[in-house]
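Chemist:
Residue numbers (UniProt numbering): 1 to 578.
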């Protein structure tokens, strides 16, 4: 049958053209929708831009046919032969191609969304940038197929043979690939988010840079595969085989690797934060510089594993043997600001063989900071705030303070395990810098807090006050005497409020000596202000009261017998009576 006869009969309303021979015919651009070409010979036919939607094409032969840009929606190609056919940009949505032969066919940019390709033969087919969203490909043969940048969202590829296929940059989000054969397949940069690959054969698969977030790979075999830089967040690898798999720099955060076999796997610089490694085999695995932050290791086999430089911040271990690992040092903390591990342990040497099995002696919740002088509490409080800000999620709470004749010990509790030695050094170093800044800017700080700014503060050394060149003006007048008395009282009160006993005893005594030297005698008022000021502050501040009693026990003899020393001891006696 020739072209014109076919068209005339079709225009006349005939639709049944089963088993006709139209091989080599030029039917480009014709409209043959709903035609029945069951069993027809259409070898080499030109149907480019033709419309054959809802056509019956069961068992038809389209070998080497030109079907570019053809509209074939909802057509039935079951058991048809389309090998070598060119279907570039063809519209095959909702078409049925069960057990069809499409070997070597070209379907570049074709739309096969919701198409049924169950059991179809698609070896060496070209589906580059094609759309196969929600397509059914169960049991299909796709060996060496080209699916580069193809979209297979939610496609069903159960039991599909994709051996050595190219899926570079393909989108397989939510796809079903259970029991699929992906041996040596190239999925570089592909998206497999939430895909189901349970039991898939993925020997030597390439998944470099692929996104497998929340994918299911339970019992899958990825032995000797390459997953460098892949994203495996919350992925499930229960009972999976990853023998000698390359997992360098992968993101396995919160992944489930329970009962997985990773013997000899490369996990260098991998992020396993929060991952589950229950009954996991990691013998001879390379975990150097890996992140095991808050990972769960339960009966994990680490025999012969390399752990040098890994970060074990808050990791959980249960029945884990660490005596046979290879490890020079680990990091016990992680800086979430710089995204780098910190607090090397041991800090100044390497582990002895098997030493990692011992609990880090420097790790604890309780930090002891040793001061050689009584600390400035204002500077100390700001210091703890600064240290908290420098360490992600760190919270510090003062637990106690102990004084000895020449040393003072501050106990601080952290909300999680920390390297006590390094953190104590950090607190002490920050404190010295903070103290200097506080003393220099104390007036500004008090001003911002709307507090009275003392003239004589903790940073002022009264010994450095120069003597006046001329004697002070007479103060015989009653109002001048009263004003001066009020000013001196205010200064003394400010000193008593801002300093600790060992400081204000010296500061106020120097002020009194300075006033006496310059002929100012206000002894009765001074004594009343000093004693009342000390008693009032002690009643308001329990810690100050303790410091006051401590001063009485540790003060040197010269301070105790000074005028200020006598006044302080008189105030202490009043406190004891109360």
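Backbone N, C-alpha and C fix where the C-beta goes; we use that ideal spot for every residue, glycine too.
#1: Three or more C-beta pairs closer than 8 Å, one from the region 178-191 and one from the region 157-170: is that the case here?
#2: Compute the beta-carbon to beta-carbon distance between residue 185 and residue 205, rounded to the nearest angstrom, for a pair I have assumed lies under 8 Å.
#3: Using the Cα positions of residue 96 and residue 143, report the straight-line distance between them to the nearest angstrom.
#4: Just verifying my parser: in three-state terms, what is the DSSP assignment at residue 400?
#5: My guess is that residue 374 and residue 541 are in contact by the Cβ rule of under 8 Å, so how many angstroms apart are they, rounded?
#6: Quick check on residue 13: buried or exposed, where buried means 16 or more other Cβ atoms within 10 Å of its Cβ?
#7: Let me check understanding here. Comparing Cα to Cα, which of 244, 245, 254 lies closest to residue 236?
#8: Please go through the same chain and pick out, in chain order, the residues whose beta-carbon is closer than 7 Å to the beta-carbon of residue 595, but skip the five residues on each side of it.
#9: Between which two residues does the beta strand (DSSP E) containing residue 88 stretch?
#10: Measuring straight from C-alpha to C-alpha, what distance separates residue 209 and residue 320?
#11: I'd like the list of long-range same chain contacts for residue 76, defined as Cβ closer than 8 Å, with 5 residues on each side in sequence excluded.
#12: Span of the beta strand (DSSP E) holding residue 344?
#13: Can you look up residue 369 in the DSSP assignment and give me helix, strand or coil?
#14: If residue 217 sits next to residue 180, beta carbons under 8 Å apart, how far is it from one beta carbon to the other, in whole angstroms?
#15: Which same chain residues, not among the five before or five after residue 470, have their C-beta less than 7 Å away from its C-beta?
#16: Between residue 215 and residue 322, what straight-line distance do the alpha-carbon atoms span, to the nearest angstrom?
#17: Write down every uninterrupted run of the beta strand (DSSP E) in the region 249-308 whose length is 3 residues or greater and which is fully enclosed by it, in chain order.
#18: With C-beta atoms as the reference, is residue 220 less than 8 Å away from residue 199?
#19: What residues in its chain sit with their C-beta under 6 Å from that of residue 474, if we drop five residues either side in the sequence?
#20: Any idea what DSSP makes of residue 190, helix, strand or coil?
#21: Can the beta-carbon of residue 129 be found less than 8 Å from the beta-carbon of residue 104?
#22: On a CA-only basis, which of 64, 63, 53 is nearest residue 74? Give me that one, please.
#23: Could you please give the first and the last residue of the uninterrupted beta strand (DSSP E) stretch that includes residue 554?
#24: In the DSSP assignment, the beta strand (DSSP E) including residue 356 goes from what residue to what residue?
#25: Which residues in the same chain have their Cβ closer than 6 Å to the Cβ of residue 335, if we skip the five residues on either side of it in sequence?
#26: Of the residues 131, 64, 72, which one's Cα is nearest the Cα of residue 101?
#27: Residue 535 to residue 498, Cα distance in whole Å?
#28: Within 10 Å of its beta-carbon, does residue 8 have 16 or more other beta-carbons around it, so buried, or fewer, so exposed?
#29: Under 8 Å between the Cβ atoms of residue 26 and residue 46?
#30: Return the first residue and the last residue of the alpha helix (DSSP H) that residue 33 is part of.
#31: Which of the three DSSP states, helix, strand or coil, is assigned to residue 503?
#32: Between 28, 50, 24, 15, which has its C-alpha nearest residue 36's C-alpha?
#33: Can you name the residues that DSSP bridges to residue 56?
#34: Here's the rule I'm using: 16 or more other beta-carbon atoms within 10 Å means buried, otherwise exposed. How should residue 455 be labelled?
#35: With distances taken from CA atoms, which of 420, 410, 433, 411 is nearest residue 383?
#36: Note the first and the last residue of the continuous alpha helix (DSSP H) segment covering residue 383.
Modeler: From the atom records:
#1: yes
#2: Position 185 of the chain shown, counted from the first residue, corresponds to residue 185. Position 205 of the chain shown, counted from the first residue, corresponds to residue 205. That belief holds up - the Cβ atoms of residue 185 and residue 205 are roughly 5 Å apart, short of 8 Å.
#3: Along the chain shown, one-based indexing puts residue 96 at 96. Along the chain shown, one-based indexing puts residue 143 at 143. Their Cα atoms are separated by approximately 21 Å.
#4: One-based indexing of the chain shown puts residue 400 at position 400. Here residue 400 sits in strand by DSSP.
#5: By one-based count along the chain shown, residue 374 stands at place 374. By one-based count along the chain shown, residue 541 stands at place 541. Not a contact, Cβ separation roughly 15 Å.
#6: Here residue 13 refers to the residue found at position 13 when the chain shown is read from its first residue. Result: exposed.
#7: Counting from 1 along the chain shown, the entry for residue 236 is found at position 236. The shortest C-alpha separation from residue 236 is found at 254.
#8: Shown here, the chain extends from 1 to 578; a query on residue 595 therefore has no answer.
#9: The residue labelled residue 88 in the question sits at position 88 within the chain shown. Segment: none, residue 88 is in no beta strand (DSSP E) and carries neither H nor E.
#10: For this step, residue 209 is matched to residue 209 along the chain shown. For this step, residue 320 is matched to residue 320 along the chain shown. Cα-Cα distance, rounded: 31 Å.
#11: Numbered from its first residue, the chain shown carries residue 76 at position 76. Within the same chain, residue 76 has close Cβ partners 55, 56, 57, 58, 95, 96.
#12: Reading the chain shown from its first residue, position 344 is the one you call residue 344. From DSSP, the beta strand (DSSP E) with residue 344 extends over 340-345.
#13: Translated into the one-based positions of the chain shown, residue 369 becomes position 369. Strand, per DSSP.
#14: Locating residue 217 in the chain shown gives position 217, counting from the first residue. Locating residue 180 in the chain shown gives position 180, counting from the first residue. At roughly 11 Å, the Cβ-Cβ gap does not stay under 8 Å, so residue 217 and residue 180 are not in contact.
#15: On the chain shown, residue 470 is found 470 positions in, with the first residue counted as 1. Confidence is the limiting factor: at residue 470 the pLDDT is only 38, short of 50, which leaves the residue's position unreliable, though a coordinate-based value still follows. Correct list: empty, nothing qualifies.
#16: For the purposes of this step, residue 215 is identified with residue 215 of the chain shown, where counting begins at 1. For the purposes of this step, residue 322 is identified with residue 322 of the chain shown, where counting begins at 1. Their backbone Cα atoms lie some 31 Å apart in a straight line.
#17: 276-278, 296-298
#18: Mapped onto the chain shown, residue 220 falls at position 220. Mapped onto the chain shown, residue 199 falls at position 199. Yes.
#19: Taking the chain shown and counting its residues from 1, one reaches residue 474 at position 474. Low local confidence applies: a pLDDT of 45 at residue 474 is under 50, so the model's placement there is unreliable, and no value is given.
#20: One-based indexing of the chain shown puts residue 190 at position 190. Three-state DSSP puts residue 190 in coil, outside helix and strand.
#21: By one-based count along the chain shown, residue 129 stands at place 129. By one-based count along the chain shown, residue 104 stands at place 104. Against a cut-off of 8 Å, the Cβ pair of residue 104 and residue 129 comes out as no contact.
#22: Here residue 74 refers to the residue found at position 74 when the chain shown is read from its first residue. If we check each option's Cα against that of residue 74, 53 comes out closest.
#23: In the chain shown, the residue the question calls residue 554 occupies position 554. Unbroken run through residue 554 is the alpha helix (DSSP H), 542-554; no beta strand (DSSP E).
#24: Here the question's residue 356 lines up with position 356 in the chain shown. Segment: none, residue 356 is in no beta strand (DSSP E) and carries neither H nor E.
#25: Here residue 335 corresponds to residue number 335 of the chain shown, with the count starting at 1. A distance below 6 Å between beta-carbons, with the five flanking residues on each side excluded, links residue 335 to the following residues of its chain, in chain order: 342.
#26: Position 101 of the chain shown, counted from the first residue, corresponds to residue 101. Comparing Cα positions, the closest option is 64.
#27: Position 535 of the chain shown, counted from the first residue, corresponds to residue 535. Position 498 of the chain shown, counted from the first residue, corresponds to residue 498. Cα to Cα, residue 535 sits roughly 14 Å from residue 498.
#28: Taking the chain shown and counting its residues from 1, the one referred to as residue 8 is at position 8. By the 10 Å Cβ count, residue 8 comes out exposed.
#29: Along the chain shown, one-based indexing puts residue 26 at 26. Along the chain shown, one-based indexing puts residue 46 at 46. Residue 46 sits close to residue 26, with the two beta carbons spaced by under 8 Å.
#30: The residue given as residue 33 occupies position 33 in the chain shown. From DSSP, residue 33 is part of no alpha helix (DSSP H); its letter is neither H nor E.
#31: By 1-based counting over the chain shown, the position of residue 503 is 503. Three-state DSSP puts residue 503 in a helix.
#32: Taking the chain shown and counting its residues from 1, one reaches residue 36 at position 36. For residue 36, the nearest C-alpha among the options comes from 15.
#33: Within the chain shown, residue 56 is the residue found at index 56, counting from 1. According to DSSP, residue 56 bridges with 36, 76.
#34: Taking the first residue of the chain shown as 1, we reach residue 455 at position 455. In this predicted model, residue 455 has a pLDDT of only 42, less than 50, meaning its place in the structure is not dependable enough to derive any value.
#35: Residue numbering aside, residue 383 sits at position 383 when the chain shown is read from its first letter. Residue 383 has its Cα closest to that of 433, out of 420, 410, 433, 411.
#36: For the purposes of this step, residue 383 is identified with residue 383 of the chain shown, where counting begins at 1. Segment 377-390, the alpha helix (DSSP H) holding residue 383.
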